[in-house]
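If you read the sequence shown in the working numbering, its first letter stands for residue 52, the second for the next number, and so on. Let me begin by presenting the structure, written as structure tokens, before commenting on it.
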Amino acid sequence: MAGSSVEAPLGVTDPAGAARGYRPSATMPFAAEFRRQASRRRTQLALGFMVLLPLIILIAFQFDSGGDDDNGRNEFSSLVELATSGGLNFTLFSIFVSASFLLVVVVALFCGDTVASEASWGSLRYLLAIPVPRARLLTVKLVVALAYSGLALILLAGTALLAGTLRYGWSPLRSTVAAELEPTEGLLRLLAVLGYLAVVLLVVAGLAFLLSVTTDAALGAVGGAVLLWILSSILDQITALGAVRDFLPTHFSTAWLGLLSTPVQTDDVVRGCISAISYATVFWGLAFWRFTRKDITS
């Protein structure tokens with residue numbers, strides 16, 4: 052009939068070839084993936100341990116006999132004495148004992164398990180058949196993994212600060228590399244330390260994520276990232292390598308100590324941030340390049 056319009060039947064495609072109502076940007080929402088990962092046992096255990104660790108350390112300090120038979124462990128004993136002198140100091144100690152290994156493992160777990168586990172379960176191809184664009188699937192999973200990694204860091208520091216303050220009080224921040232800092236300034240320094248650690252751990256996140264898209268074994272991706280980080284740390288201790296050590300991803304991993312000094316030393320912090328962001332960008336770029344060209348069979 053003249054002047055009338057006939058609607059296309061349901062199921063037909065638009066001029067671009069997509070099904071009616073289909074929007075790639077609306078597939079696999081961040082909130083849904085965040086809730087999905089929250090229901091996983093490994094997420095609950097990892098975050099729970101971040102809360103539990105400061106409490107374990109606090110309880111362990113209560114069994115300190117105060118003896119002098121340290122057998123050469125005077126340096127560590129002095130750190131323990133600082134840790135029990137206030138909530139800020141207890142938080143700093145918790146970060147110090149966790150930064151070199153535990154946080155590396157947790158970040159590698161969140162970022163290395165996210166894609167490889169889907170492949171091992173056989174659910175990855177079904178996600179892509181919804182269809183979820185590969186780049187969007189990878190982006191959402193990466194952002195969620197980074198969010199949980201950041202949450203783990205916050206839970207560790209937050210629990211340590213709360214438990215330490217309740218037990219030892221709100222006192223100035225003290226360390227072996229700085230003068231005594233007033234609580235407000237000390238808190239700001241700790242926040243800066245957490246921020247720098249979050250940037251440094253992007254290297255682990257990028258490496259684990261790259262391994263996650265290249266293997267169906269989640270354990271291999273997680274373990275591979277941790278082992279390569281340890282290998283880099285070992286190589287960094289070999290002074291014969293000279294200037295080569297400056298290009299290792301772990302070379303500036305302890306530069307956060309400069310944020311506690313008086314005055315603040317930021318040269319290595321800046322170099323560490325540039326190094327970490329550069330490595331993470333390369334690893335993530337390779338992960339996207341590999342995944343968008345990978346034949347998904349599982």
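Glycine included, every Cβ here is placed at the ideal spot set by N, Cα and C. Being a predicted model, the structure only gives us computed values, none of them experimental.
Item: Could you tell me the boundaries of the alpha helix (DSSP H) in which residue 292 lies?; Value: Segment: none, residue 292 is in no alpha helix (DSSP H) and carries neither H nor E.
Item: Report back the beta-carbon spacing between residue 258 and residue 334 to the nearest angstrom; my notes put them in contact at under 8 Å.; Value: 5 Å
Item: Short of 8 Å in beta carbon distance, which residues of its chain neighbour residue 248, apart from the five on each side in sequence? Order them along the chain.; Value: 146, 150, 154, 204, 307
Item: Pairs of beta-carbons, one from the region 96-109 and one from the region 196-214, closer than 8 Å: are there three or more?; Value: yes
Item: So, are the CB atoms of residue 216 and residue 138 less than 8 Å apart?; Value: yes
Item: Can the beta-carbon of residue 109 be found closer than 8 Å to that of residue 224?; Value: no
Item: Please identify the residue among 208, 288, 198, 256 whose C-alpha is closest to the C-alpha of residue 239.; Value: 208
Item: May I have the straight-line CA-CA distance separating residue 301 from residue 261, to the nearest angstrom?; Value: 18 Å
Item: Between the C-alpha atoms of residue 90 and residue 289, what's the straight-line distance to the nearest angstrom?; Value: 43 Å
Item: Starting from residue 316 and walking both ways along the alpha helix (DSSP H), at which residues does that stretch end?; Value: First-last for residue 316: undefined, no H or E at that position.
Item: If you reduce the DSSP assignment to three classes, tell me which class residue 301 lands in.; Value: coil
Item: Considering Cα atoms alone, identify which of 165, 321, 296, 329 is closest to residue 191.; Value: 165
Item: Assuming residue 167 contacts residue 312 under a Cβ cut-off of 8 Å, what Cβ separation, rounded to an integer in Å, is found between them?; Value: Residue 167 to residue 312, Cβ: 40 Å. No contact.
Item: How many angstroms separate the CA atom of residue 330 from the CA atom of residue 152?; Value: 19 Å
Item: How many angstroms separate the CA atom of residue 270 from the CA atom of residue 283?; Value: 20 Å
Item: Would residue 310 pass as a contact of residue 244 if the rule is Cβ separation under 8 Å?; Value: yes
Item: Pull up the CB-CB distance for residue 196 and residue 268, whole angstroms please, since I reckon it's below 8 Å.; Value: Actually they do not touch by this definition, with Cβ atoms about 17 Å apart.
Item: How is residue 133 classed by DSSP in three states: helix, strand or coil?; Value: helix
Item: Is residue 277 near residue 134, with beta carbons less than 8 Å apart?; Value: no
Item: On a CA-only basis, which of 141, 96, 87 is nearest residue 111? Give me that one, please.; Value: 141
Item: Nearest to residue 106 by CA position, among 210, 253, 136, is which residue?; Value: 210
Item: Use the C-beta contact count for residue 214: other C-beta atoms within 10 angstroms, 16 or more gives buried, fewer gives exposed.; Value: buried
Item: Here's the rule I'm using: 16 or more other beta-carbon atoms within 10 Å means buried, otherwise exposed. How should residue 169 be labelled?; Value: buried
Item: By a C-beta neighbour count over all protein chains shown, 10 Å radius and 16 as the cutoff for buried, is residue 72 buried or exposed?; Value: Because the pLDDT at residue 72 is just 49, under 50, the model does not fix this residue reliably, and the point stays unresolved.
Item: If I'm right that residue 325 touches residue 253 with Cβ under 8 Å, what's the distance once you round it to whole angstroms?; Value: With a Cβ gap of about 12 Å, residue 325 and residue 253 do not count as contacting.
Item: Check whether the Cβ atoms of residue 222 and residue 234 lie closer than 8 Å to each other.; Value: yes
Item: Taking just the CA atoms, how far does residue 274 sit from residue 130?; Value: 30 Å
Item: Is DSSP giving residue 164 helix, strand or coil here?; Value: helix
Item: Does chain D have any CB closer than 8 Å to the CB of residue 250?; Value: This model lacks chain D altogether; it includes just one protein chain.
Item: Within its chain, find whatever has a CB closer than 6 Å to the CB of residue 212; leave out the 5 residues flanking it on each side and keep chain order.; Value: 138, 142
Item: Residues in its own chain within less than 8 Å of residue 219 by CB, not counting five upstream and five downstream?; Value: 135, 136, 137, 138, 140, 141
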